[in-house]
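Asks: Residue numbers (the working numbering), protein chains in the order written: chain A, 1064 to 1403; chain B, 1064 to 1403.
Below is a structure I'd like to ask you about.
There are 2 protein chains.
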Amino acid sequence: MTARAKKYASSTDVARLAGVSQSAVSRTYKPGAKISEEMRQKVLAAAAQLDYRPSLIPRIMLTHKSNLVAIVIGGMYNPFYSAVLERFTVGLQEAGNQVLLVHVDSGHSLDAVIPKLASYRVDAIVSALSILSKQSADELARFKIPVVSFNTPVRNEWVSSVCCDNVGAARSLVELYLARGGRRFGFISGPPASPASAERLAGFRLGLAAHGIDNLAMAVADFRYEGGHAAALSMFAGPDRPDALFCANDLMAIGAIDALRRTYGLRVPEDVLVAGFDDIPSAAWGAYELTTFVQDGQRMVDEALAILRVAAASHGPVGEVAIEVPARLIERQTTRRQPI
Amino acid sequence: MTARAKKYASSTDVARLAGVSQSAVSRTYKPGAKISEEMRQKVLAAAAQLDYRPSLIPRIMLTHKSNLVAIVIGGMYNPFYSAVLERFTVGLQEAGNQVLLVHVDSGHSLDAVIPKLASYRVDAIVSALSILSKQSADELARFKIPVVSFNTPVRNEWVSSVCCDNVGAARSLVELYLARGGRRFGFISGPPASPASAERLAGFRLGLAAHGIDNLAMAVADFRYEGGHAAALSMFAGPDRPDALFCANDLMAIGAIDALRRTYGLRVPEDVLVAGFDDIPSAAWGAYELTTFVQDGQRMVDEALAILRVAAASHGPVGEVAIEVPARLIERQTTRRQPI
DNA sequence: TTTACGAGTGCATAGCTATGCACCAATCAT
DNA sequence: ATGATTGGTGCATAGCTATGCACTCGTAAA
């Protein structure tokens, strides 16, 4: 509480030094404002001398617009999400926004951080949290902050969603597996609460049902390498081993492949077909060459940014927007088996 | 420019509704302030009715403290850096700060974004950019914002650094290689401008020199899997192949392993010893089991946060702090060869 | 020469919260 | 009973920028 020296020079300080009014300083930094070149130079000289940077804080107060967008994310162990985060950051910066990064333990709702974000007057929120119940979403709407929910199909007046077509993709995989000679199917899921995992399972089941198949080995994991490894170990411990395994994401698929090859001595794809989801960089690595679905992260991010632009333009709610982006199959070696 | 409805209720609105003064509202939200329970309840009731959230913006103006810390990062393709980002975020949030995430293309300096950060009045900056010249650092100091530079040993009055002992680690690897029978050495570097890569090379050379070895095959890459792959292809194209390869990070080491095994049919570790740096999760995967150095990311982040705490407490510069954290060798299968 | 106009400038104020200060009503000590 | 303390309360203002408004000049049009 001592008389701490003022850290930043203010526009008033600059004005005094330059011998002009504070308005002149303000107008110097506003593009297109009416100000003579001569005065602008005087101001800039004084500003340079004082290391002046205009503060955005009062502007936020006046305009009710902070240009801050919060990105709420649950974990970056999955390269897909760190890539998405990077794309969002770049895209938002290009649009003139700044990114407030908020980490919430995955499994927790984002309710707890909302009041804090409201206090910073963020213009919008992007949530990559896998869990966001309808109830949370309604709670959220009370704050009247536009929210884009990534890969979680919850929405209301203020909450939009951008998702990948998990059901359709998973469903189509069944055709590939059958063509490649798969007969006994297995699925390794993410956490029970994950909508993405649930949709991929549902789609897989739909595809199987279309061929009259209702037998499906199941194991629950956590979207991580270790979880996929452990799940595969238990799923393949018994006598009745699947020969076509679908994992809810690539990390688990890679863990499963290592388990099958190294612990059980099984060959992929000769003994077991394996596919994942996300197309993370490691999926293309020589040791795995994993068949997987590309979630078009760039496109999904672009769609989300478009929604945010609309929300920024119309100051009201953006309506119940829900965008679904198709997933694209990339077949690599883990499913390249000749049909029987 | 229409008469846009006020989006957020202000403390004055709440005060009017509750029939108290604006001061009372403010004090309701300040822990430990003198306010009667009765009044607090009245205020809270009115606040709930209006969905009031106190704005932090005016507080920033008054206190000259935003509780915003910027993290500047160049790329998250390397899991080591996304893990570091996550740890910083969690740590800063626990300390009551919010994180402003700034992406700068690696290779660019952070000079360009500093004015913007100054405009947001960030309390401090964490830079994980691999490039930060002495000149940039001095430029930076003019803004009087405390900066912690991660893994780049630049510093001045306002810029501190937290680094890992790259030189010592790389140097010690030579002993291991010699004990495991390595005789012809190779090094795959990161981008030429990367200090981390340069230090690891320097340490490796020091270790070799201590044994009178000055022959070292070199290839330059970019810290990525594909770069490591290509570099290994060219390094092992000739007749005089190394039998002990050190890569400046794990991603490149993994790319190199895939190139050696799959393109040249070489065995790792029997034909070539390989080691990397970072201990990213993939290094432990069954297909690679890569020997590497753990950068103790948690400890490095903790040290950086400690510096930021000091900087926050003393409002002045924090002095020329430079902290070096040791790296720890983890030997896995890629160097487990019996000595000749 | 007068009128009109446009460019440029300064004044004053809004925007929202935190806090020093003055003040008031009780409660307590003497 | 009086003075002193404590716990609450409201008033007024600081903090910094953007902008509507009034005003002053030159300059172009009439």
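Ideal Cβ positions, reconstructed from N, Cα and C, are used throughout, including at glycine.
With 16 as the cutoff for other CB atoms within 10 Å, does A:T1126 come out buried or exposed?
Replies: So A:T1126 counts as exposed.
Asks: Use the C-beta contact count for B:Q1361: other C-beta atoms within 10 angstroms, 16 or more gives buried, fewer gives exposed.
Replies: Classification of B:Q1361: exposed, given that the 10 Å Cβ count is below 16.
Asks: Strictly below 9 Å CB to CB, what residues from chain B border A:V1162?
Replies: Per Cβ cutoff of 9 Å: V1162, L1163, L1164, V1165 and H1166.
Asks: Do you know whose CA, among A:R1268, A:V1283, A:D1285 and A:A1284, lies nearest A:D1277's CA?
Replies: Comparing Cα positions, the closest option is A:R1268.
Asks: Going by C-alpha distance, which of A:L1080, A:L1119 and A:P1142 is nearest A:V1357?
Replies: If we check each option's Cα against that of A:V1357, A:P1142 comes out closest.
Asks: Quick check: is the beta carbon of B:G1095 nearer than 8 Å to any beta carbon in chain A?
Replies: Chain A, which has no Cβ nearer than 8 Å to the Cβ of B:G1095, makes this no.
Asks: Are there 16 or more other CB atoms within 10 angstroms of the CB of B:P1209, so buried, or fewer, so exposed?
Replies: Result: buried.
Asks: Which residues mark the beginning and the end of the alpha helix (DSSP H) in which B:I1136 is found?
Replies: Per DSSP, B:I1136 belongs to no alpha helix (DSSP H); it is in the beta strand (DSSP E), L1131 to I1136.
Asks: May I ask you to report which of helix, strand or coil DSSP gives B:A1307?
Replies: In this structure, B:A1307 counts as strand in the three-state DSSP scheme.
Asks: Looking at chain A, is there any beta carbon in it that lies within less than 8 Å of the beta carbon of B:F1206?
Replies: Interface residue, yes.
Asks: Looking at A:M1124: is its Cβ nearer than 8 Å to the Cβ of B:I1120?
Replies: Result yes, Cβ atoms of A:M1124 and B:I1120 sit closer than 8 Å.
Asks: Residues bridged to A:F1248 by DSSP?
Replies: A:F1248 pairs with A:L1279 and A:A1307.
Asks: Residue ranges of each alpha helix (DSSP H) run of no fewer than 4 residues wholly in the region 1213 to 1273 of chain B, ordered along the chain?
Replies: As far as the region 1213 to 1273 of chain B is concerned, its whole alpha helix (DSSP H) runs of at least 4 residues are 1229 to 1242 and 1258 to 1273.
Asks: Going by beta-carbon coordinates alone, are B:L1131 and B:V1185 separated by less than 8 Å?
Replies: Yes, the Cβ-Cβ distance between B:L1131 and B:V1185 is below 8 Å.
Asks: What do you get for A:E1238, buried or exposed, if any count of 16 or more other CB atoms within 10 angstroms of its CB means buried?
Replies: Answer is exposed; the Cβ neighbour count stays below 16.
Asks: Sort out for me which residues DSSP pairs A:R1391 with in a bridge.
Replies: Bridge partners of A:R1391: A:V1357.
Asks: Taking Cβ-Cβ distances shorter than 8 Å, what residues in chain A pair up with B:Q1156?
Replies: V1165 and H1166, listed in chain order.
Asks: Apart from the five residues just before and just after A:P1380, which ones in its own chain have a Cβ nearer than 6 Å to its Cβ?
Replies: Correct list, in chain order: E1220 and W1221.
Asks: Which value, in whole angstroms, describes the spacing of the CA atoms of B:F1309 and B:P1302?
Replies: Approximately 19 Å, taken between the alpha carbons.
Asks: Quick one: give me the first and last residue of the beta strand (DSSP E) that A:V1147 is part of.
Replies: First-last for A:V1147: P1142 to E1157, but that is the alpha helix (DSSP H), not the beta strand (DSSP E).
Asks: Buried or exposed for A:G1159, going by 16 or more other Cβ atoms inside 10 Å?
Replies: Counting Cβ neighbours within 10 Å, A:G1159 comes out exposed, since fewer than 16 surround it.
Asks: Of all the residues that make up the region 1345 to 1370 of chain B, which are near chain A by a beta-carbon distance shorter than 9 Å?
Replies: Residues passing the 9 Å Cβ filter: S1345, A1347, W1348, G1349, A1350 and Y1351.
Asks: Residue range of the alpha helix (DSSP H) that B:Q1198 falls in?
Replies: That run of the alpha helix (DSSP H) goes K1197 to A1204.
Asks: Are A:R1247 and A:D1306 closer than 8 Å when you measure CB to CB?
Replies: Yes, these two residues count as a Cβ contact at 8 Å.
Asks: Near B:V1088, what residues of its chain come up, given a Cβ to Cβ distance below 6 Å and the 5 sequence neighbours on each side ignored?
Replies: The residues are S1074, V1077, A1078 and V1106.
Asks: CA-CA distance, A:R1218 and A:S1196?
Replies: Each residue's Cα considered, the two are about 9 Å apart.
Asks: Which value, in whole angstroms, describes the spacing of the CA atoms of B:E1157 and A:V1331?
Replies: Spanning the two alpha carbons is a distance of roughly 45 Å.
Asks: Report all residues from its chain with a CB closer than 8 Å to the CB of A:V1083; omit the five preceding and five following residues, and keep chain order.
Replies: Taken in chain order, the residues that qualify are M1102, K1105 and V1106.
Asks: Give me, in chain order, the residues of the same chain whose beta-carbon lies closer than 8 Å to that of A:G1231; leave out the 5 immediate sequence neighbours on both sides.
Replies: Same-chain partners within the cutoff: G1266, P1389 and A1390.
Asks: I think B:F1206 touches B:V1189, with their Cβ atoms under 8 Å apart; what is that distance to the nearest whole Å?
Replies: Not a contact, Cβ separation roughly 15 Å.
Asks: Determine whether the beta carbon atoms of A:T1060 and A:L1323 lie at a separation below 8 Å.
Replies: Examination of residue 1060 of chain A is not possible in this model, given that chain A is present from 1064 through 1403 alone.
Asks: Establish whether the CB of B:I1343 and some CB of chain A are separated by less than 8 Å.
Replies: So, not an interface residue.
Asks: Select from A:Y1327, A:A1300 and A:A1295 the residue whose C-alpha is nearest the C-alpha of A:I1317.
Replies: Nearest of A:Y1327, A:A1300 and A:A1295 to A:I1317, Cα basis: A:A1295.
Asks: For A:L1336, report the span of its beta strand (DSSP E) as first-last.
Replies: Looking at the DSSP string, the run of the beta strand (DSSP E) that includes A:L1336 is L1336 to A1338.
Asks: Between A:A1109 and A:A1081, how many whole angstroms is the CB-CB distance? I'm expecting something under 8 Å.
Replies: At roughly 4 Å, the Cβ-Cβ gap stays under 8 Å, so A:A1109 and A:A1081 are in contact.
Asks: Do you know whose CA, among B:S1345, B:F1340 and B:W1348, lies nearest B:T1355's CA?
Replies: Comparing Cα positions, the closest option is B:F1340.
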